[in-house]
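Novice: Just dropping this structure here.
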Amino acid sequence: MTEETGLSWVAAECDDLEDLPVEELDCLAERGPVEAMLCVAERAVAVLSQPAAVRLGQDVRRLMESSLPDATIRTVWLGATDHVFDPAKDGISTRTWLWKMEQAWLTAERRNDPAFISPPAAPETDERLRRDVLQAIGRIDHDLTGAVENRIYPLSLPGLVPALELVTVRACADLGYRMVLRALKANYVAVDAKSRDMFVELGSRFGHARSLVTKDLNHQA
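Residue numbers (numbering that gives the first Met the number 0): 0 to 220.
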């Protein structure tokens with residue numbers, strides 16, 4: 000059982016700047032969001048369990064190998080981090096910064112084990128799981144859309160919910176599920192008990208702990 004894992008762990012770190020190590024905050028200020036994300040990706044190898052760190056490489060590869068447009072991936076990333084780490088600010092494409100993140104992670108893995116070989120992306124493509132993730136997204140569609148589109152700062156983020164659905168369908172149902180949770184938390188969307196329980200049940204089927212859902216969730220009784 001895991002809590003935050005893979006790319007959704009990186010998103011959680013990027014969303015909460017107060018908890019970033021000082022050197023990563025300095026990197027963000029002096030060198031920009033992409034370089035700071037690379038530092039976070041390297042740190043994943045040191046602080047996460049081996050399966051959770053390996054999933055970072057798999058998550059990145061799932062997105063890079065998918066048919067998703069770059070703009071869709073960027074929209075999901077901005078929604079999951081509340082705009083804090085926008086790679087476009089460094090003037091590079093979405094897949095370029097994903098590749099850079101993969102290389103940073105892989106370099107850190109090989110410091111520990113020079114013979115380390117990146118595993119295949121192995122996306123979750125079970126049709127029933129996909130359908131159930133989409134159903135859970137449908138339950139929070141209105142509230143999440145309202146939270147990200149009806150605001151002035153950070154900037155409005157139209158199309159987040161459709162982008163999350165596309166990640167679920169075209170990249171990986173598990174990654175889509177985890178990024179939905181990150182978007183809900185980053186945007187402090189109120190989630191009712193039925194929706195929370197639906198996400199908890201889905202998480203158990205992916206092998207995630209209940210706390211992956213409940214920690215930092217704005218749950219309304």
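Even for Gly, the Cβ is constructed at its ideal location relative to N, Cα and C.
(1) Is Val190 helix, strand or coil by DSSP?
(2) Taking a contact to mean a Cβ-Cβ separation below 8 Å, would you say Val147 touches Gly78 in this structure?
(3) What are the uninterrupted segments assigned as alpha helix (DSSP H) that are 4 or more residues long and contained completely in the segment 7-86, given in chain order?
(4) Which residue or residues does DSSP assign as beta-bridge partners of His218?
(5) Can you tell me which of Glu29, Asp18 and Trp76 puts its alpha carbon nearest to the alpha carbon of Leu174?
(6) If we ignore side chains and look at the alpha-carbon of each, how far apart do Leu55 and Ala40 end up?
(7) Please report the straight-line C-alpha distance between Thr106 and Ser48, rounded to a whole angstrom.
(8) How big is the Cα-Cα spacing for Thr213 and Thr80?
(9) DSSP three-state call for Met0: helix, strand or coil?
(10) Beta-carbon separation of Pro32 and Pro86 under 8 Å?
(11) Helix or strand or just coil, what does DSSP make of Leu156?
(12) Return the Cβ separation of Asp135 and Leu201 in integer angstroms, given the expectation that the two are a contact with Cβ distance under 8 Å.
(13) Measuring CB atoms only, is the segment 3-15 touching the segment 50-65, in the sense that at least three cross pairs come out at less than 8 Å?
(14) Taking Pro153 as the reference, which of Ala185, Ser203, Leu97 and Gly90 has the closest Cα?
(15) Assign Thr93 to buried or exposed, taking buried as 16 or more other Cβ atoms, counted over all protein chains shown, within 10 Å of its Cβ.
(16) Going by other Cβ atoms of all chains shown within 10 Å of its Cβ, with 16 needed for buried, is Thr74 buried or exposed?
(17) Return the CA-CA distance between Gln219 and Val190, expressed in angstroms with no decimal places.
(18) Tell me which residues share the same chain as Leu156 and place their Cβ nearer than 8 Å to its Cβ, disregarding the 5 neighbours each side in the sequence.
Specialist: To lay it out plainly:
(1) strand
(2) yes
(3) 21-30, 32-46, 49-63 and 69-80
(4) Val190
(5) Trp76
(6) 8 Å
(7) 17 Å
(8) 18 Å
(9) Legend: pLDDT at Met0 = 40, less than 50; position of this residue unreliable, value from coordinates given subsequently. Residue state, collapsed to three classes: coil.
(10) yes
(11) coil
(12) It should be noted that the sequence gives Ala, not Asp, for residue 135. Yes, Ala135 and Leu201 are in contact; Cβ-Cβ is about 6 Å, under 8 Å.
(13) yes
(14) Ala185
(15) buried
(16) buried
(17) 6 Å
(18) Thr74, Leu77, Gly78, His82, Val147 and Glu148
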